[in-house]
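**Student:**
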Amino acid sequence: MTKMILGLSSYTYGWSIGVPGSMPADPMREDDLVEKTLSFDLSCLQIGDNLPLHQLGEERLHALKSRVKQEGLRLEIGARKLTTENLQQYLEIAEFFNAPLLRFIIDDAGYEPNISTVVAIIKNHLNTLKQKKVKLGIENHDRFKAKELASIMESVGDEAVGVCLDCVNSLGAGEGLEYVAHTLAPYTINLHIKDYQIERLSHKMGFIVQGCTAGNGMMDIPGLLQVLAPYKRCESAILEQWVVPESTIGETILKENQWAIQGIHYLKSQMLFETNIKK
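Just so we're aligned: the sequence shown equals residues 37 to 315 in this note's numbering.
1) Helix or strand or just coil, what does DSSP make of Phe132?
2) Nearest to Lys166 by alpha carbon, out of Thr153, Asn134 and Ala296?
3) Buried or exposed: Ala61, going by 16 or more other Cβ atoms within 10 Å of its Cβ?
4) Quick one: is Ser152 buried, meaning 16 or more other Cβ sit within 10 Å of its Cβ, or exposed?
5) Less than 7 Å between the beta carbons of Ile83 and Leu118, yes or no?
6) Return the chain-ordered ranges of every beta strand (DSSP E) run that is complete within the segment 204–259 and spans a minimum of 3 residues.
7) Indicate the three-state DSSP secondary structure (helix, strand or coil) for Lys315 in the structure shown.
8) If we count the other Cβ atoms within 10 Å of its Cβ and call it buried at 16 or more, is Lys315 buried or exposed?
9) Can you tell me where the beta strand (DSSP E) with Ser45 in it begins and where it stops?
10) Among the residues of its own chain, which have a CB less than 6 Å from the CB of Glu131, if the five just before and after it don't count?
11) In angstroms with no decimal places, state the Cα-to-Cα distance between Glu128 and Leu237.
12) Nearest-angstrom Cα distance between Lys304 and Leu185?
13) May I have the straight-line CA-CA distance separating Gly43 from Leu275, to the nearest angstrom?
14) Please determine, among Pro258, Pro56 and Asn226, the residue with the shortest C-alpha to C-alpha distance to Leu172.
15) Rounded to whole angstroms, what is the Cα-Cα separation between Ser45 and Leu69?
16) Looking at Val154 and Ile188, is the spacing between their C-beta atoms short of 7 Å?
17) Which term fits Arg110, buried or exposed, when burial requires 16 or more other beta carbons within 10 angstroms of its beta carbon?
18) Go through its chain and collect everything with a Cβ distance to Tyr302's Cβ below 6 Å, but skip five positions before and after it.
19) Just how far apart, CA to CA, sit Glu282 and Ile53?
20) Between which two residues does the alpha helix (DSSP H) carrying Ile142 extend?
21) Would you mind working out which of Thr48, Ala209, Lys230 and Glu190 sits nearest Tyr223, comparing C-alpha positions?
22) Which of helix, strand or coil does DSSP assign to Glu310?
23) Return the CA-CA distance between Met123 and Cys203, expressed in angstroms with no decimal places.
24) Nearest by alpha-carbon distance to Ile229: which of Ala273, Thr288 and Leu81 is it?
25) Tell me Ser14's beta-bridge partners as DSSP assigns them.
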């Protein structure tokens with residue numbers, strides 16, 4: 037089985053970077069993420085829309101580019117709100133960083149395009165994707181069901197475009213991972229690994245879904261990789277986390293860091309991934 041490259045994400049450290057209404061005194065920056073990646077002896081980092089690169093000044097962008105090149109890291113970038121303007125902007129950023137993957141969430145507050153609009157936007161940028169040698173990964177993110185995302189991929193019909201498969205997001209569309217994975221596996225070019233638990237509430241009137249450390253929840257990670265393996269399209273697997281917050285942001289950040297250590301240790305122990313591609 038061809039191994040995917042294992043990497044970290046800005047969403048591995050969501051609380052450390054900052055969540056609206058709960059910002060740390062000293063938020064994690066892009067250079068901190070590089071250091072975390074190196075400390076785990078990994079060589080892949082995905083910086084998503086919770087640390088939006090288009091909002092960084094030129095000095096920080098050039099410093100990040102220089103460090104990534106110096107360390108030989110694979111930098112993947114992420115954005116949200118799939119409009120023509122945003123896609124064009126992030127394709128330029130991807131080219132600047134020589135990033136092989138641009139992951140996009142379609143929706144944003146007040147913006148929920150229909151399928152035909154999404155397909156048209158993507159098709160209009162196929163030539164640019166190929167010229168810049170960037171693959172576009174559309175994330176399953178709540179609203180669109182797996183079959184709808186598959187129909188987008190079929191309508192676009194190009195190897196430069198695929199799915200960023202998140203293990204948990206489709207619960208928001210009322211769909212489980214096993215069904216979603218089998219439906220989207222042929223199109224998956226990037227994997228977001230989150231582990232999770234579903235527990236019935238004490239009053240028995242419903243369930244609560246929350247994150248846990250990788251390998252300790254309901255997600256069958258080895259089984260998921262076996263579903264993706266025959267298609268040989270998924271190049272990277274990124275650890276993300278839904279860390280259940282503690283009473284203070286400081287305690288939550290300590291917990292988040294410990295979860296990351298445990299999660300990467302588990303994923304490495306499975307011998308299912310490439311870790312340091314520089315070796």
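For glycine and all other residues, C-beta sits at the position ideal for the given N, C-alpha and C. This one's a predicted model, so the numbers in the text were calculated from it and none came from an experiment.
**Tutor:** Result, derived from the coordinates:
1) In this structure, DSSP gives Phe132 a helical state, which the three-state scheme calls helix.
2) Measuring from the Cα of Lys166, the nearest candidate turns out to be Asn134.
3) It is exposed - the Cβ of Ala61 has fewer than 16 other Cβ atoms within 10 Å.
4) Around the beta-carbon of Ser152, fewer than 16 other beta-carbon atoms lie within 10 Å, marking it exposed.
5) In this structure, Leu118 does not lie closer than 7 Å to Ile83 by Cβ.
6) Listed in chain order, the beta strand (DSSP E) elements of length 3 or more contained wholly in the segment 204–259 are 224–229, 231–236 and 243–248.
7) Only weak support is given to the placement of Lys315: the predicted model assigns it a pLDDT of 49, under 50, and the value that follows is read from those uncertain coordinates. In this structure, Lys315 counts as coil in the three-state DSSP scheme.
8) For Lys315, the predicted model reports a pLDDT of 49, less than 50, meaning its position is unreliable and no value from the coordinates is stated.
9) Under the DSSP assignment, Ser45 falls in the beta strand (DSSP E) whose first and last residues are Met40 to Ser45.
10) Excluding sequence positions up to five before and after Glu131, its CB lies within less than 6 Å of the CB of Lys168, all in the same chain and listed in chain order.
11) Annotation: Glu128 to Leu237 spans about 47 Å, alpha carbon to alpha carbon.
12) Here the alpha carbons of Leu185 and Lys304 stand approximately 30 Å from one another.
13) Their backbone Cα atoms lie some 6 Å apart in a straight line.
14) Leu172 has its Cα closest to that of Asn226, out of Pro258, Pro56 and Asn226.
15) Going from the Cα of Ser45 to the Cα of Leu69 covers about 8 Å.
16) With a cutoff of 7 Å on beta-carbon distance, Ile188 and Val154 are scored as near each other.
17) So Arg110 counts as buried.
18) Hits under 6 Å: Ala250 and Gly251.
19) One C-alpha to the other measures close to 16 Å.
20) No residue range can be given for Ile142, since it is assigned to no alpha helix (DSSP H) and is classified by DSSP as neither H nor E.
21) Out of Thr48, Ala209, Lys230 and Glu190, Glu190 has the C-alpha closest to the C-alpha of Tyr223.
22) Glu310 sits in a strand when the DSSP states are folded into three classes.
23) The amino acid at residue 123 is misidentified as Met; the sequence shows Leu. Rounded to whole angstroms, Leu123 to Cys203 spans 24 Å at the Cα level.
24) For the residues Ala273, Thr288 and Leu81, the minimum Cα distance to Ile229 belongs to Ala273.
25) Within the shown structure, residues of the chain are numbered from 37 to 315, placing residue 14 beyond reach of any answer.
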